[in-house]
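Residue numbers (the numbering used here): 46 to 145.
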């Protein structure tokens, strides 16, 4: 997964994940926690269905996670995705937030 992040996400872009620790550790990039465990500032947004608003506010343009976590990603035309399969970890999804 670190390879995917480093190949597809420019160094100056912010990345978010519900499993931020593992992606940050292996990619060497700062990855913002989106589940509220290590990042309490996101909790009000999650409670009100405002994940997209949080992403825009924090300039997070990429979300990376296992396919199991895609239910938490808002269904919005501003979010496009690439799908990457890895034989060890299963399907990994990389989303990109785009401007309208």
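Backbone N, C-alpha and C define an ideal beta-carbon position, used for all residues, glycine too.
| Query | Result |
| --- | --- |
| Would you mind stating whether residue 109 and residue 123 have Cβ atoms separated by less than 8 Å? | no |
| Over what stretch of residues does the alpha helix (DSSP H) that includes residue 71 continue unbroken? | 65-72 |
| Could you spell out where the alpha helix (DSSP H) holding residue 90 opens and where it closes? | 88-92 |
| Is there contact between the stretch 56-69 and the stretch 95-107, where contact requires at least three CB pairs shorter than 8 Å? | yes |
| Counting along the chain, where does the beta strand (DSSP E) carrying residue 108 start and finish? | 105-111 |
| Can you tell me whether residue 126 is buried or exposed? The criterion is at least 16 other CB atoms within 10 Å of its CB, across all chains shown. | exposed |
| Between which two residues does the alpha helix (DSSP H) containing residue 51 stretch? | 47-53 |
| Less than 8 Å separating the beta-carbons of residue 77 and residue 105? | yes |
| If you count every other CB in all the chains shown that lies within 10 Å of the CB of residue 100, and 16 or more means buried, which is it? | buried |
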